[in-house]
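Peer 1:
There are 2 protein chains.
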Amino acid sequence: MKIDPNSSANLSAQIAKAIRDSIVSGDLIIDERLPSEAELADYFQVSRPTVREALKRLAAQSLIRTQRGATGGAFVNRLSFKEAYADQVTTSTLLLSMNEVSFDTACEARYALERACAPLSAKRRTADQLATMRTEIFRQSQPSLTDEAYCASDVAFHRALVDGADNPVLSYQLAGAVEAMQPLMNMITFTTRSRGIMVCLHSSIADAIENGDGAEAVDCLHNLEAETRKIAADVFAARAASK
Amino acid sequence: MKIDPNSSANLSAQIAKAIRDSIVSGDLIIDERLPSEAELADYFQVSRPTVREALKRLAAQSLIRTQRGATGGAFVNRLSFKEAYADQVTTSTLLLSMNEVSFDTACEARYALERACAPLSAKRRTADQLATMRTEIFRQSQPSLTDEAYCASDVAFHRALVDGADNPVLSYQLAGAVEAMQPLMNMITFTTRSRGIMVCLHSSIADAIENGDGAEAVDCLHNLEAETRKIAADVFAARAASK
DNA sequence: AATGTTTTTATTGTCTGACATTTAAAAGTC
DNA sequence: GACTTTTAAATGTCAGACAATAAAAACATT
Numbered sequence: 001m002k003i004d005p006n007s008s009a010n011l012s013a014q015i016a017k018a019i020r021d022s023i024v025s026g027d028l029i030i031d032e033r034l035p036s037e038a039e040l041a042d043y044f045q046v047s048r049p050t051v052r053e054a055l056k057r058l059a060a061q062s063l064i065r066t067q068r069g070a071t072g073g074a075f076v077n078r079l080s081f082k083e084a085y086a087d088q089v090t091t092s093t094l095l096l097s098m099n100e101v102s103f104d105t106a107c108e109a110r111y112a113l114e115r116a117c118a119p120l121s122a123k124r125r126t127a128d129q130l131a132t133m134r135t136e137i138f139r140q141s142q143p144s145l146t147d148e149a150y151c152a153s154d155v156a157f158h159r160a161l162v163d164g165a166d167n168p169v170l171s172y173q174l175a176g177a178v179e180a181m182q183p184l185m186n187m188i189t190f191t192t193r194s195r196g197i198m199v200c201l202h203s204s205i206a207d208a209i210e211n212g213d214g215a216e217a218v219d220c221l222h223n224l225e226a227e228t229r230k231i232a233a234d235v236f237a238a239r240a241a242s243k
Numbered sequence: 001m002k003i004d005p006n007s008s009a010n011l012s013a014q015i016a017k018a019i020r021d022s023i024v025s026g027d028l029i030i031d032e033r034l035p036s037e038a039e040l041a042d043y044f045q046v047s048r049p050t051v052r053e054a055l056k057r058l059a060a061q062s063l064i065r066t067q068r069g070a071t072g073g074a075f076v077n078r079l080s081f082k083e084a085y086a087d088q089v090t091t092s093t094l095l096l097s098m099n100e101v102s103f104d105t106a107c108e109a110r111y112a113l114e115r116a117c118a119p120l121s122a123k124r125r126t127a128d129q130l131a132t133m134r135t136e137i138f139r140q141s142q143p144s145l146t147d148e149a150y151c152a153s154d155v156a157f158h159r160a161l162v163d164g165a166d167n168p169v170l171s172y173q174l175a176g177a178v179e180a181m182q183p184l185m186n187m188i189t190f191t192t193r194s195r196g197i198m199v200c201l202h203s204s205i206a207d208a209i210e211n212g213d214g215a216e217a218v219d220c221l222h223n224l225e226a227e228t229r230k231i232a233a234d235v236f237a238a239r240a241a242s243k
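Chains as they are written, first to last, in full-length UniProt numbering: chain A, 1 to 243; chain B, 1 to 243.
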């Protein structure tokens with residue numbers, strides 16, 4: 001079923017790979033129990049700590065869960081979108097912060113993806129999701145809001161827009177793009193004026209979504225992208241000049 | 001810097017979380033060396049195997065790399081898009097296969113995202129990427145191609161289209177959506193006729209991209225989505241009837 | 001003095017064996 | 001029959017050891 005060449009490298013990594021392949025290929029079914037650590041150690045001809053390191057690698061990817069006790073052991077996890085979100089966001093955030101991705105590049109990707117959702121969201125959004133969008137817009141119009149809280153509200157607004165498409169695959173893919181932008185957005189100071197413009201655009205988007213007008217929503221998102229990039233460019237230019 | 005409450009649960013998971021937080025928050029810089037396993041064990045007041053399990057969890061997420069030898073140790077990894085692709089594809093594949101996501105849902109997400117890339121790709125694609133698209137189209141027109149090879153070529157074509165947008169964030173996000181569909185697509189038997197239609201649509205897309213006509217490419221992708229879903233629906237209906 | 005070789009040393013990788021903890025099932029008791 | 005206790009199987013954790021590796025330090029040679 002799964003083998004392990006004795007050559008050269010990291011046993012725990014090899015074992016983790018062997019088991020992971022068995023899961024991905026479907027040899028191991030959801031909720032199926034893996035052999036006990038002792039049995040795996042015997043099978044792969046390694047010690048228990050080595051097997052354990054391999055299992056921890058898989059646990060880190062949410063591929064398995066472990067349970068103590070008599071009927072315990074390691075079980076193949078049913079990977080849920082909700083769990084996967086967190087990893088997706090963490091990874092995307094690190095990628096953005098570690099790879100010197102420019103604000104423009106991240107911004108372009110984010111709005112391109114959101115525009116992909118807009119027509120679907122215009123058709124399918126629930127009343128609840130529309131209400132969330134309106135609530136966040138109202139919140140964003142409060143002048144007392146800190147920049148951080150404003151950004152968080154911005155994320156919440158766009159999450160509602162994306163979730164309105166009622167497609168978990170899209171929501172999952174976009175979680176990374178939208179939420180990972182938040183730290184970058186947090187670096188920006190929004191003036192009262194720029195907040196006003198954005199709130200206005202958000203309202204237009206919500207209107208378009210409410211009216212089922214996907215094309216209009218896409219147009220607004222184009223404008224919002226342009227506006228966001230302009231604000232960011234101004235802030236960065238001002239910051240560079242003050243140095 | 002990082003603490004560890006003695007309450008209740010999985011020490012290695014807690015330690016992994018503490019270190020992960022330090023990395024994500026920026027307390028630990030890229031390529032910085034973590035304390036040795038012995039020092040970490042001492043610091044967290046646990047044994048070395050426990051620390052090792054924690055480190056393996058982080059290694060599984062490519063957050064750290066380890067090196068043996070005198071100046072070895074665990075180092076904070078620079079997360080590259082290329083490395084992240086693999087995880088992204090694995091996770092997306094599992095999500096699709098484990099969550100009973102319908103073919104239509106996955107298909108809808110995939111083409112919605114691709115349409116987001118098309119206008120950018122029409123503007124920026126390199127000659128090389130265009131050539132790749134043409135090459136794959138030619139390959140797809142060979143009747144001797146197995147269904148699996150046909151699907152692989154299909155993925156390669158769409159990867160070239162997406163990469164043409166020259167935005168690593170988009171490429172990363174789409175890697176999951178496009179490649180994770182492959183196992184689902186592999187379940188489909190393509191008739192000579194349906195292959196012909198798809199090759200024709202692929203050609204239209206390549207033409208539009210070559211001419212810098214993003215809107216036309218988006219139109220073609222709409223048609224391709226409709227065609228793909230129709231073919232899949234027919235195959236599934238036929239399979240259900242033959243039972 | 002420069003260069004090549006050997007030794008030392010710090011670190012991760014792995015093993016052995018043990019004990020603690022948890023949980024469910026089996027055995028025992030009322 | 002219902003409740004309690006015991007048992008057993010599994011993961012979680014620890015301690016101590018040795019192997020493998022790779023770089024730096026010490027040494028020897030030209």
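Note that the Cβ used here is the ideal one computed from N, Cα and C, for glycine as well.
Grouping DSSP H, G and I as helix and E and B as strand, with all else coil, what is residue 322/B?
Peer 2: Chain B is shown from 1 up to 243; residue 322/B falls before or after that span and cannot be answered.
Peer 1: Which runs of the beta strand (DSSP E), 3 residues or longer, sit entirely within the region 104 to 140 of chain A?
Peer 2: none
Peer 1: Three or more beta-carbon pairs under 8 Å between the region 47 to 63 of chain A and the region 7 to 21 of chain A, yes or no?
Peer 2: yes
Peer 1: 8 Å is my cut-off, CB to CB: does Gln-14/B come that close to chain A?
Peer 2: It does not; no Cβ of chain A falls within 8 Å.
Peer 1: Excluding the 5 residues flanking Cys-151/A on each side, which residues of the same chain have their C-beta closer than 6 Å to its C-beta?
Peer 2: Gln-182, Met-185, Asn-186
Peer 1: Helix, strand or coil, according to DSSP, for Arg-159/A in the structure here?
Peer 2: helix
Peer 1: Around the Cβ of Thr-146/B, are there at least 16 other Cβ atoms within 10 angstroms (buried) or fewer (exposed)?
Peer 2: exposed
Peer 1: With a threshold of 6 Å on Cβ separation, who are the neighbours of Ala-74/A within its own chain once the five nearest residues in sequence on each side are excluded?
Peer 2: Leu-34, Leu-55, Ile-64, Thr-66
Peer 1: Taking a cut of 9 Å between CB atoms, which residues from the region 84 to 102 of chain A lie near chain B?
Peer 2: Ala-84, Asp-87, Gln-88, Thr-90, Thr-91, Ser-92, Thr-93, Leu-94, Leu-95, Leu-96, Ser-97, Met-98, Asn-99, Val-101
Peer 1: Taking the straight line between their C-alpha atoms, what separation do you get for Arg-20/B and Asn-10/B?
Peer 2: 15 Å
Peer 1: Nearest by alpha-carbon distance to Ser-203/A: which of Ala-38/A, Gly-72/A, Asp-154/A is it?
Peer 2: Asp-154/A
Peer 1: Starting from Gln-67/B, follow its DSSP beta bridges and name the residues at the other end.
Peer 2: Gly-73/B
Peer 1: Using 8 Å as the threshold, is the region 108 to 116 of chain A in touch with the region 77 to 90 of chain B, meaning 3 or more CB pairs across them?
Peer 2: no
Peer 1: State yes or no: is the beta carbon of Ile-30/B nearer than 8 Å to at least one beta carbon in chain A?
Peer 2: Yes - at least one Cβ of chain A is within 8 Å of the one on Ile-30/B.
Peer 1: For Ala-206/B, which residues in the same chain have their Cβ closer than 8 Å to its Cβ, ignoring the five residues on either side in sequence?
Peer 2: Closer than 8 Å at Cβ, skipping near neighbours: Leu-130, Met-133, Arg-134, Ile-137.
Peer 1: Three-state secondary structure (DSSP) at Arg-33/B?
Peer 2: strand
Peer 1: Ignore the nearest five residues each way along the sequence and tell me which others in Leu-174/B's own chain have a CB closer than 6 Å to its CB.
Peer 2: Leu-113, Val-162
Peer 1: Quick one: what's got a C-beta closer than 8 Å to Asp-31/A's C-beta in the same chain, skipping five residues either side?
Peer 2: Phe-75, Val-76, Arg-78
Peer 1: Tell me whether Asn-167/B sits in a helix, a strand or coil according to DSSP, three-state version.
Peer 2: coil
Peer 1: Should Ala-112/B be listed as close to the ligand GDP, given that the test is whether its C-beta is under 7 Å from any heavy atom?
Peer 2: Questions concerning the ligand GDP fall outside what the structure shown contains, since it holds no ligand whatsoever.
Peer 1: To which residues of the same chain is Tyr-172/B closer than 7 Å at the C-beta, ignoring the five residues directly before and after it?
Peer 2: Phe-81, Ala-84, Tyr-85, Gln-88
Peer 1: Check whether the region 95 to 112 of chain A touches the region 228 to 235 of chain A, counting contact only when three or more Cβ pairs, one atom from each stretch, lie closer than 8 Å.
Peer 2: Touching, yes, given that three or more Cβ pairs across the two stretches are closer than 8 Å.
Peer 1: Does DSSP put Gly-26/B in a helix, a strand or coil?
Peer 2: Coil at Gly-26/B, not helix or strand.
Peer 1: Specify, as a first and last residue, the run of the alpha helix (DSSP H) that Val-101/B falls within.
Peer 2: Careful: Val-101/B lies outside any alpha helix (DSSP H) and carries neither H nor E.
Peer 1: Got a sec, what are the start and stop residues for the alpha helix (DSSP H) Phe-190/B sits in?
Peer 2: Segment: none, Phe-190/B is in no alpha helix (DSSP H) and carries neither H nor E.
Peer 1: Determine the contact status of Gly-176/A and Arg-124/A, defining contact as a CB-CB distance below 8 Å.
Peer 2: no
Peer 1: Does any residue of chain A have a CB that is nearer than 8 Å to the CB of Glu-53/B?
Peer 2: yes
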